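Taking it in order: structure first as structure tokens, then the write-up.
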Amino acid sequence: MRGSLWRTLPVSQRIIPCPTPSLAIRLADLPSAPRDSFSQRQQIKPFSSTRPGLKMSSSNNSNPHPIPSMAAQNEQNTAPDSYQLAMAKNNIWATKLDEEQPDLFPKLASGQSPEILWIGCADSRCPETTVLGLQPGDVFVHRNIANVVQYNDISAATVIEFAVVYLKVKHIILCGHTSCGGINAALANKKLGLLDTWLMPLRRLREQHMDVLKDLELKEAAVKLAEINVENGLRVLRENSAVLDAIEERGLKLHGVIYDVGSGKLRELEITESMDAISRRIASFKTVKNEE
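Numbering (my numbering), first residue to last: 46 to 337.
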């Protein structure tokens with residue numbers, strides 16, 4: 046009834062009730078709407094750490110954790126993360142390779158026949174197929190921290206036997222590299238937890254070659270220990286029964302190399318064995334099946 050009577054009055058006589066004093070204060074403190082374009086509205090922070098109705102003084106205006114603008118947030122939200130980028134690049138790579146070599150993927154789907162077994166470090170800077178300039182299907186791979194080859198490593202032993210006995214690879218490449226974190230850790234004396242167990246063979250090599258390593262600068266010592274580690278790994282490989290058989294029966298070749306992450310180049314190590322050392326190794330480690 047009161048509302049209908051209010052509407053019958055002339056516009057000039059209609060009186061709009063004033064807000065209460067407390068509400069008026071809060072309304073006065075609200076920021077005025079921007080008069081400009083949308084670009085100005087983007088600069089308004091969507092969230093505030095202060096209570097509504099309170100003005101921030103100049104001393105409080107230096108927020109130690111500033112909230113990014115809407116434009117910055119939108120840019121962060123639209124930027125693909127590493128996984129999304131990798132998936133997108135995989136699609137581009139596969140499409141391009143299929144166009145250039147239409148027979149490659151069907152051939153790979155039918156099986157593999159690599160001629161190289163690569164044993165290297167898990168370091169992200171040492172991707173074997175890329176480093177060698179080869180393609181999928183060319184290299185059978187085993188990688189771990191600091192390319193350590195041990196007698197009791199079942200994972201490595203399984204890869205080696207499968208590659209040598211069943212795939213019948215022609216070459217085994219054992220690759221160390223410069224700036225290796227595992228090598229640097231073995232040269233330091235910090236507790237690393239589970240990694241200490243894995244690095245034990247490297248620490249033992251450090252102990253055995255202390256006379257050589259102690260006089261070198263850290264960078265040179267790291268390269269030298271990487272070389273020693275490759276030489277020791279080749280020794281372990283040559284004592285593997287399957288490898289010994291393949292060397293004798295079909296001329297399997299073993300190579301030790303160092304990859305320079307600063308240049309992208311591989312350097313082959315000159316490792317030689319005397320005939321006497323070869324004879325002693327064969328006599329000690331070559332095994333034969335029991336005749337039934």
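Ideal Cβ placement from N, Cα and C applies to all residues, glycine included. Remember, it's a predicted structure, so these values are computed and weren't measured experimentally.
Asked, Found
"One or two residues paired with PHE185 in a DSSP bridge", "LEU162"
"N-terminal and C-terminal residue of the beta strand (DSSP E) that LYS264 is part of", "Note, LYS264: premise wrong, no beta strand (DSSP E); alpha helix (DSSP H) at 263-283."
"Reference THR223; option with closest CA among LEU142, LYS215 and LEU311", "LEU311"
"Secondary structure of LEU219, DSSP reduced to three states", "strand"
"Backbone secondary structure at ASP305 - three-state DSSP", "strand"
"Of the listed residues CYS171, PRO159 and ILE137, nearest to GLY307 (C-alpha basis)", "CYS171"
"Proximity below 8 Å, CB of ILE303 to CB of ALA271", "yes"
"Close-in-space but distant-in-sequence residues of the same chain around TYR196 (CB under 7 Å, 5 per side omitted)", "VAL281"
"Coarse secondary structure for GLU313, derived from DSSP in three states", "strand"
"Residues that DSSP places opposite LYS331 in a beta bridge", "Looking at the DSSP assignment, LYS331 forms no beta bridge with any residue, so it has no partner."
"Nearest neighbour of ARG295, chosen from MET132, VAL210 and PRO147 [CA to CA]", "VAL210"
"Start and end residues, alpha helix (DSSP H) containing PHE150", "149-154"
"Span of the alpha helix (DSSP H), counted from its first residue to its last, around PRO246", "245-253"
"Classification of ILE323 by the beta-carbon crowding that lies within 10 angstroms, buried from 16 upward", "exposed"
"For LYS235, three-class secondary structure by DSSP", "coil"
"Alpha helix (DSSP H) segment containing ASN135, residue limits", "127-145"
"Backbone secondary structure at LEU289 - three-state DSSP", "helix"
"Proximity of ILE190 and CYS166 at Cβ, strictly below 8 Å", "yes"
"The segment 255-267 touching the segment 135-148, judged by at least three CB pairs closer than 8 Å", "no"
"Length of the line joining the Cα atoms of MET132 and SER169", "18 Å"
"Boundaries of the alpha helix (DSSP H) in which LEU212 is found, first to last residue", "Careful: LEU212 lies outside any alpha helix (DSSP H) and carries neither H nor E."
"Rounded straight-line distance, which links the Cα of ILE218 to that of SER127", "31 Å"
"Segment contact, 8 Å Cβ cut-off, at least three pairs: the segment 154-164 with the segment 198-215", "yes"
"Between the CA atoms of GLU145 and GLY182 - distance to the nearest angstrom", "16 Å"
"Cβ shell of LYS4 (< 6 Å), same chain only, five flanking positions each side left out", "This structure cannot speak to residue 4, because the chain is shown only from 46 to 337."
"Residue closest to ASN274, alpha-carbon to alpha-carbon, out of LYS152, ILE228, PRO151 and SER155", "ILE228"
"Span of the alpha helix (DSSP H), counted from its first residue to its last, around GLU173", "173-177"
"Reduced DSSP secondary structure (H/G/I, E/B, other) of LEU297", "coil"
"Contacts around GLU276, its chain only, beta-carbon distance under 8 Å, and the 5 residues preceding and following it disregarded", "GLY301, LEU314 and ILE316"
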